[in-house]
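Below is one structure; the comments refer to it alone.
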Amino acid sequence: MRKLDKLIIKYILFIAVVILVVFNYEQVFGYAQTILKILSPIIIGVVMAYVLNILMVRFEKIWFPQSTSKWAIKSRRPISILFAILTIILVLLIVLGLVIPQVLSVLTTLIEAIPKAFNQIQEWFTNSEQRFPELAIILNRFELNWGQIVQDTVAFINGLTTRIVETTIATAGSIASVIINLVLSLIVSIYILSSKESLLRQGNRVLKAYLPEKRYQRTRYVLSVLDESFSHFITGEVLEAFILGMMVAIGMWIFRFPYATMIGALTGVMALIPMLGAWISGVIGFVLITVQSPIQGFAFLLFIVIIQQLEGNIIYPKIVGDKIGLPGMWVLIAVTLGAGFAGIPGMLVSVPLASAIYKLLKLDVKHREEVQQLN
Numbered sequence: 001m002r003k004l005d006k007l008i009i010k011y012i013l014f015i016a017v018v019i020l021v022v023f024n025y026e027q028v029f030g031y032a033q034t035i036l037k038i039l040s041p042i043i044i045g046v047v048m049a050y051v052l053n054i055l056m057v058r059f060e061k062i063w064f065p066q067s068t069s070k071w072a073i074k075s076r077r078p079i080s081i082l083f084a085i086l087t088i089i090l091v092l093l094i095v096l097g098l099v100i101p102q103v104l105s106v107l108t109t110l111i112e113a114i115p116k117a118f119n120q121i122q123e124w125f126t127n128s129e130q131r132f133p134e135l136a137i138i139l140n141r142f143e144l145n146w147g148q149i150v151q152d153t154v155a156f157i158n159g160l161t162t163r164i165v166e167t168t169i170a171t172a173g174s175i176a177s178v179i180i181n182l183v184l185s186l187i188v189s190i191y192i193l194s195s196k197e198s199l200l201r202q203g204n205r206v207l208k209a210y211l212p213e214k215r216y217q218r219t220r221y222v223l224s225v226l227d228e229s230f231s232h233f234i235t236g237e238v239l240e241a242f243i244l245g246m247m248v249a250i251g252m253w254i255f256r257f258p259y260a261t262m263i264g265a266l267t268g269v270m271a272l273i274p275m276l277g278a279w280i281s282g283v284i285g286f287v288l289i290t291v292q293s294p295i296q297g298f299a300f301l302l303f304i305v306i307i308q309q310l311e312g313n314i315i316y317p318k319i320v321g322d323k324i325g326l327p328g329m330w331v332l333i334a335v336t337l338g339a340g341f342a343g344i345p346g347m348l349v350s351v352p353l354a355s356a357i358y359k360l361l362k363l364d365v366k367h368r369e370e371v372q373q374l375n
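Shown next as structure tokens:
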């Protein structure tokens, strides 16, 4: 069979598959979701292994790196994996320990403060009616019953609390399922890290066996660019999030804002979402502080805007921008597209993926320009 005939057959098969997917997209996506659900522990395990590998490599450089004893060599990998896992667990426990108690305290304060706030509003309107009779005429048209409003609000909050408890109990089974999947994913990641070199050799052999030499070299280069983009993004983003969280916590402590440790920790976690995460934590902090003191709430809003300007113009470009080599405009576009397609996971993956595509496209354009100049 001629080469042209093979190419035509490939195109026909490709078009047939596309038509099949378009006309049966519901079934196709249903099958895809089922397959992804089954494979989710493995996929999450691969992602966990990639993140843990960044820490594991650093611990391996610390654990008796110059020693030639069999014990040091054999224990280096398992000890490094253990330290990497414990480091992430410790960070999560610290963040949860800082955030959860204060969130519960805020909710308790909010529930207790709402009836008092409504009473103050009612007193203010009563005094205003005496001072401004015209206002009393306008308010009477609405026929407001402040006592009933307070009772309805308290009943709504109590009902909301009950619904939260009921929802928590109802989702206990799904939480158990999530925990089981996470444990399975952790086991998969440990196996991957333990046999990392062997898996890389096997993958390299498969690529070399099934791809022509030129395409094999190109595939390896693309994978190396993706690895570099993702590893640099993760290390840069974590460092930037830590610095931003510390800046917010210390700044709030200096200016005597409430909930400094909680909002600082929350900012550090949310800052892992590129561009938008810190703003989300800022809005949450503004709401929490405004409930306690509206004046402090607006002062905090000004404070967080200044911090965000420092972070966006100085810290992020130096720590993350230089590592991933992606201009700010493309970061924003990547985050927006990632959020639209896959929510928060899409926002996390979009920036390093866009960085890799940007670098590959830049090199390809440069190569084509050089070829055109030679011709």
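Here UniProt numbering is used: the first residue of the sequence shown is 1, the next is one more, and so on. No residue lacks a Cβ here, since even glycine has one placed at the ideal position from N, Cα and C.
C-beta contact flag for residue i and residue j at 9 Å
i: L186; j: I94; result: no
i: V238; j: G45; result: no
i: M252; j: L98; result: no
i: S355; j: L326; result: yes
i: A271; j: A249; result: no
i: P258; j: L288; result: yes
i: I234; j: P352; result: yes
i: I254; j: I315; result: no
i: P274; j: V335; result: yes
i: W279; j: Q308; result: yes
i: G203; j: V320; result: no
Which listed residue (the options) has its alpha carbon closest to that of residue i
i: L363; options: Q308, V225, F341; result: V225
i: S80; options: E311, V57, G328, G312; result: V57
i: R256; options: Y216, V283, P274, F303; result: F303
i: I62; options: W71, R76, L52, V51; result: R76
i: S231; options: L55, S198, L92; result: L55
i: L193; options: Y11, L223, P317, F83; result: F83
i: M247; options: I306, S195, F14, M275; result: I306
i: A299; options: G285, E311, L310, G312; result: G285
i: A47; options: Y191, V283, E369, L361; result: This sequence places Val at residue 47; Ala is not what is there. Ranking Y191, V283, E369, L361 by Cα distance to V47 puts Y191 first.
Alpha-carbon to alpha-carbon, residue j and residue i
i: V371; j: G245; result: 48 Å
i: I19; j: A241; result: 45 Å
i: I100; j: G268; result: 15 Å
i: A49; j: L337; result: 26 Å
i: T219; j: I324; result: 20 Å
i: I175; j: L182; result: 10 Å
i: A339; j: I43; result: 20 Å
i: Q27; j: S40; result: 19 Å
i: G277; j: S69; result: 46 Å
i: Q66; j: E228; result: 27 Å
i: Q292; j: F341; result: 37 Å
i: G346; j: A260; result: 30 Å
i: I73; j: R205; result: 26 Å
i: G297; j: K366; result: 51 Å
i: K208; j: S198; result: 15 Å
i: I357; j: M329; result: 15 Å
i: P294; j: V106; result: 15 Å
i: G343; j: L211; result: 35 Å
i: N53; j: T87; result: 12 Å
i: I15; j: I8; result: 11 Å
i: A32; j: Y25; result: 10 Å
i: K359; j: T109; result: 51 Å
i: L361; j: K214; result: 18 Å
i: S195; j: L184; result: 17 Å
i: E103; j: S281; result: Reading the sequence as shown, one finds Val at residue 103 and not Glu. Looking at the two C-alpha atoms, the distance is approximately 13 Å.
i: R201; j: R368; result: 33 Å
i: T34; j: L13; result: 25 Å
i: F64; j: W71; result: 10 Å
Residue interval of the alpha helix (DSSP H) (run including residue i)
i: S293; result: S293 -> no alpha helix (DSSP H), and no H or E assigned at all.
i: P345; result: 328-374
i: L223; result: 213-254
i: V47; result: 25-62
i: N204; result: 196-210
i: I319; result: Counting along the chain, I319 falls outside any alpha helix (DSSP H), and DSSP gives it neither H nor E.
i: I273; result: From DSSP, I273 is part of no alpha helix (DSSP H); its letter is neither H nor E.
Any chain C beta carbon closer than 9 Å to residue i
i: I88; result: Although the question refers to chain C, the structure presented lacks it and comprises just one protein chain.
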